[in-house]
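Trainee: Please see the structure below; I have some questions.
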Amino acid sequence: MGNGGGTERLYGTVAACAVLVYLGALWNGFAVDDVPIIVLNPLVANASGIWRAFAAPYWPPDLGGHMYRPLVIAGFALDWLVGSAAWFHAVNLAWHAATSVAVAALARRWTDWTGALVAGVLFAVHPVHVEAVANVVGRAELMAALFTLVAVYAALVHERVAWSAAALALGLLSKENAAVAPALIVWGWLLGLARPDRRRAAWFVASWVIVGGAYAAVRAAVRHPFAQYESIAPMFVGESSLTVRLTAVSAFVDVLRLLVFPLTLRADYSPDERTVVTTPLDWRFAAGLLCVLVWIGALVAAWKRGRKLEAFGLGWTAIALLPVANLLYPAGFYLAERTLYLPSAGLVLAVGAWPGRLPREQLRPIAAVLVLLGGVRSALR
0 MGNGGGTERL
10 YGTVAACAVL
20 VYLGALWNGF
30 AVDDVPIIVL
40 NPLVANASGI
50 WRAFAAPYWP
60 PDLGGHMYRP
70 LVIAGFALDW
80 LVGSAAWFHA
90 VNLAWHAATS
100 VAVAALARRW
110 TDWTGALVAG
120 VLFAVHPVHV
130 EAVANVVGRA
140 ELMAALFTLV
150 AVYAALVHER
160 VAWSAAALAL
170 GLLSKENAAV
180 APALIVWGWL
190 LGLARPDRRR
200 AAWFVASWVI
210 VGGAYAAVRA
220 AVRHPFAQYE
230 SIAPMFVGES
240 SLTVRLTAVS
250 AFVDVLRLLV
260 FPLTLRADYS
270 PDERTVVTTP
280 LDWRFAAGLL
290 CVLVWIGALV
300 AAWKRGRKLE
310 AFGLGWTAIA
320 LLPVANLLYP
330 AGFYLAERTL
340 YLPSAGLVLA
350 VGAWPGRLPR
360 EQLRPIAAVL
370 VLLGGVRSAL
380 R
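Sequential numbering from 0 applies to the sequence shown in numbering that gives the first Met the number 0.
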């Protein structure tokens, strides 16, 4: 980086971009899931919700008691003391700015100042993030992503077991998908981004078992009265396991489009727009499988050529996407753009490795155009 001033400029620029493109969200008010989870939630409307949230499900009991994200509800209860919808959105912008800076910091570890700037700014303005940032309840995605990045940074850069475990715990208390942090760390080890000795690696594994076990036990205890209520996408109700998986593979066309060329964005991918795939002979399954093979090919090529950060980023996207891809289990949606918030961090990390291989006279206009297009699309969205 060169000096402290350079570091400040880097992170200040990334944070400013993250806030600037979402200033319009300050006037959004409360919408969709914001209403039952925030406006009509007695936990949020009382200061005691800041600590009572840890003994309650994320969704109110009368709406099924789904999920366990106490840190998010506690944050909403704290925000309620201010009482302004604009304040809720401003806090979301702060979380997004912090996450964008964390992406730049992680990229900076294995690339130069320019690569870190490209990764951080692209993440800050990526249009697929609008649903997560501009809706208040999207904060769960922002918090889980930030804590996941901190957990990975603490493990791969500083090899701090306690800090990484603490970040993992906070991530899990924000949203379940933070559980991918250990897999991301192991992926970094396999690529040689860090090489802890066996004893320290064992301490990391032990911390994951302790944190994961404690979280699972508390979550199960809180959700036990509501265990019969499970969320599943309407299009998957009554469908076979094979149909769910075939449809999940076909969805990778949308995933790749949203990550690489997010021109068309949707608030909801309803059955009227996307229907289930029932046979491997369906062209939609073939198209999704082709996207998967292209991604794998790019990852293998980066690995063989020794482009560690690029391979790390591509693998990151796949790992972070797996829990919400309907492959391991049916989720409550066919595809939700908000769930691509954490996976997209991997894409921009991979892109952040490119500046070192491009002449500066080519890099500047390309980066400027990407940032401008992404920023404008996000602001309009």
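We put the beta carbon where it would ideally sit given N, CA and C, even for glycine. Please read all numbers here as calculations on a predicted model, not as lab measurements.
Is there a Cβ of chain B sitting closer than 7 Å to that of V127, yes or no?
Mentor: The structure shown contains no chain B, having only a single protein chain.
Trainee: Can you tell me whether DSSP reads V37 as helix, strand or coil?
Mentor: Sequence inspection shows Ile at residue 37; the Val mentioned does not correspond to that position. Helix.
Trainee: Taking 7 Å as the threshold (C-beta atoms), are S173 and L70 in contact?
Mentor: In this structure, S173 lies closer than 7 Å to L70 by Cβ.
Trainee: Compare the C-alpha of D267 against each of P233, A219, S99 and L369 and name the closest.
Mentor: D267 has its Cα closest to that of P233, out of P233, A219, S99 and L369.
Trainee: DSSP three-state call for E309: helix, strand or coil?
Mentor: Helix, per DSSP.
Trainee: Quick one: give me the first and last residue of the alpha helix (DSSP H) that E140 is part of.
Mentor: Note, E140: alpha helix (DSSP H), R138 to L155.
Trainee: Along the chain, where does the alpha helix (DSSP H) that runs through R337 open and close?
Mentor: Neither: R337 is in no alpha helix (DSSP H) and is coded neither H nor E.
Trainee: Got a sec, what are the start and stop residues for the alpha helix (DSSP H) A330 sits in?
Mentor: Unbroken run through A330: none, as it is neither H nor E.
Trainee: Look at the Cβ atom of L183, then the Cβ atom of I318, and state whether they are nearer than 7 Å.
Mentor: Cβ distance < 7 Å, so L183 and I318 count as in contact.
Trainee: Suppose you measure from the CA of V149 to the CA of W315; what does that come to, to the nearest Å?
Mentor: C-alpha separation (whole angstroms): 14 Å.
Trainee: Grab me the residues of V384's own chain with a C-beta within less than 7 Å of its C-beta, minus the 5 sequence neighbours each way, in chain order.
Mentor: Here the chain comprises residues numbered 0 to 380, so residue 384 is not present and cannot be evaluated.
Trainee: What's the gap between the Cα of P181 and the Cα of R222?
Mentor: Rounded to the nearest angstrom, the two C-alpha atoms are 24 Å apart.
Trainee: According to DSSP, is E130 helix, strand or coil?
Mentor: Of the three classes helix, strand and coil, the one that applies to E130 here is helix, per DSSP.
Trainee: Relative to the alpha-carbon of A335, which residue among D61, G351 and D253 has its alpha-carbon at the smallest distance?
Mentor: Among D61, G351 and D253, the Cα nearest to that of A335 belongs to D253.
Trainee: Does the count of Cβ pairs from the region 39 to 54 and the region 86 to 94 closer than 8 Å reach three?
Mentor: Result no; under three Cβ-Cβ pairs closer than 8 Å.
Trainee: I need the straight-line Cα distance from F203 to P126, nearest angstrom please.
Mentor: Computed Cα separation, rounded: 35 Å.
Trainee: Note down, in chain order, each residue of its chain lying with its Cβ closer than 8 Å to the Cβ of R218, except the 5 sequence neighbours on either side.
Mentor: Contacts found: Y67.
Trainee: Extract the residue ranges of the beta strand (DSSP E) inside the region 259 to 326, only unbroken runs of 3 or more that lie entirely within it.
Mentor: Qualifying beta strand (DSSP E) stretches: none in this window.
Trainee: Rounding to the nearest angstrom, what Cα-Cα distance links G345 and L171 in this structure?
Mentor: Approximately 19 Å, taken between the alpha carbons.
Trainee: Nearest by alpha-carbon distance to T12: which of F29, F122, T110 and L25 is it?
Mentor: Out of F29, F122, T110 and L25, F122 has the C-alpha closest to the C-alpha of T12.
Trainee: Leaving out five residues on either side along the sequence, give the residues of the same chain with a beta carbon under 7 Å from the beta carbon of G23.
Mentor: Excluding sequence neighbours, G23 sits near A378.
Trainee: Is there contact here, the region 72 to 89 with the region 104 to 116, by at least three beta-carbon pairs under 8 Å?
Mentor: Flag = no, the region 72 to 89 and the region 104 to 116 do not touch.
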